[in-house]
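Let me begin by presenting the structure, written as structure tokens, before commenting on it.
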Amino acid sequence: MSLARDMDLLRQVPLLSEFPDEQLRLLAFSAENVNYRDGEVLFISGERADGGLVVATGSVSLEGEGGSDDVLDTFGPGSLIGETALLVETRRPARAVANGATEVIRIRRALFKRMLQEFPDIARRLFEARANAFVATSGALSRVGAVLEQIERENTEFRAERRSRSPGARRRSAVGLRSGDGKRHRNVARVACE
Numbered sequence: 010m011s012l013a014r015d016m017d018l019l020r021q022v023p024l025l026s027e028f029p030d031e032q033l034r035l036l037a038f039s040a041e042n043v044n045y046r047d048g049e050v051l052f053i054s055g056e057r058a059d060g061g062l063v064v065a066t067g068s069v070s071l072e073g074e075g076g077s078d079d080v081l082d083t084f085g086p087g088s089l090i091g092e093t094a095l096l097v098e099t100r101r102p103a104r105a106v107a108n109g110a111t112e113v114i115r116i117r118r119a120l121f122k123r124m125l126q127e128f129p130d131i132a133r134r135l136f137e138a139r140a141n142a143f144v145a146t147s148g149a150l151s152r153v154g155a156v157l158e159q160i161e162r163e164n165t166e167f168r169a170e171r172r173s174r175s176p177g178a179r180r181r182s183a184v185g186l187r188s189g190d191g192k193r194h195r196n197v198a199r200v201a202c203e
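Here the sequence shown stands for residues 10 to 203, numbered as in this note's numbering.
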């Protein structure tokens, strides 16, 4: 890819979208473009992560322990894989596999950290964005926690009520709990997304 096309692609990445052209140009120039064939493994689960990958063309699937039968997520052009690895030392949580001919822009953590040191305004913006994301995630987890606590209270009440009923009533109550559980599970998912 050309430098201009790489810059346009990097600009699509939310983490990098606020970078001025000068910094995007430096990042695009210093990063490494890597091509993969269909089915080729980019990295494996547990491997030390040295930075992030921006998908330029094609797509990349993250696979769980079940391999291609256990696709956790798929990333297309403009997606950043390994955002955390740009900032801190970490390990890859899953195996990444190219879907078709795929090109990625590899941004090494050392390069990204050097940019943050040389351009403190970018570092400040990045810190603010990460802090806001952390606050949003904490809020979502609090809401999920509250729903799970409510479900636990209801289950405790149900068990206590069940012990006090006759055997025939227990069967009817258990059926009612199963249908209610499905609704509760949907509510937990809905709360997490709010």
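Note that beta-carbon positions come from the ideal geometry of N, C-alpha and C, so glycine has one too.
Could you give the residue range of the alpha helix (DSSP H) that holds R147? Note on residue identity: the sequence assigns Ser, not Arg, to residue 147. Run containing S147: P129 to S173, per the alpha helix (DSSP H) assignment.
Cβ-Cβ distance between R101 and E72 below 9 Å: no
How is L18 classed by DSSP in three states: helix, strand or coil? helix
Starting from the Cα of I90, find the closest Cα among M124, G109, E98 and I114 and give me that residue. I114
Taking DSSP as the reference, what is the three-state secondary structure of S182? With a pLDDT of 45 at S182, under the threshold of 50, the modelled position of that residue is not reliable, and the figure given next carries that caveat. In the structure shown, S182 sits in a helix (DSSP, three-state: H, G or I).
Cα-Cα separation, A138 to E166: 42 Å
Beta-carbon within less than 7 Å of D17's beta-carbon, same chain only, minus the 5 sequence neighbours each way: which residues are those? none
Apart from the five residues just before and just after S182, which ones in its own chain have a Cβ nearer than 6 Å to its Cβ? Only weak support is given to the placement of S182: the predicted model assigns it a pLDDT of 45, under 50, and the value that follows is read from those uncertain coordinates. Taken in chain order, the residues that qualify are R171.
Spell out a yes or no on whether the region 116-136 and the region 21-40 are touching, meaning 3 or more CB-CB pairs, one atom from each, closer than 8 Å. yes
Collapsed DSSP secondary structure at E49 in the structure displayed: coil
Just how far apart, CA to CA, sit Q126 and G87? 25 Å
Relative to the C-alpha of V97, which residue among A58, T83 and L33 is closest? A58
Report the option in L24, A107, V80 and A94 whose CA atom is closest to the CA atom of Y1. With the chain represented from 10 up to 203, any question about residue 1 goes unanswered, as that position is not in the structure.
Give every residue of the same chain whose Cβ lies closer than 8 Å to the Cβ of D79, excluding the five residues on either side of it in the sequence, and list them in chain order. E72 and G73
What would DSSP say about E27, mapped onto helix, strand or coil? coil
Buried versus exposed, by CB contacts within 10 Å (16 or more), D30: exposed
So, at 7 Å on beta carbons, what are the nonlocal neighbours of N164 in its own chain, with the 5 sequence-adjacent residues on each side left out? none
G61 classed as buried or exposed, judged by whether at least 16 other C-beta atoms fall within 10 angstroms: buried
For E27, which option in F128, T146, E112 and T93 has the closest C-alpha, if you only look at C-alpha atoms? F128
What do you get for R104, buried or exposed, if any count of 16 or more other CB atoms within 10 angstroms of its CB means buried? buried
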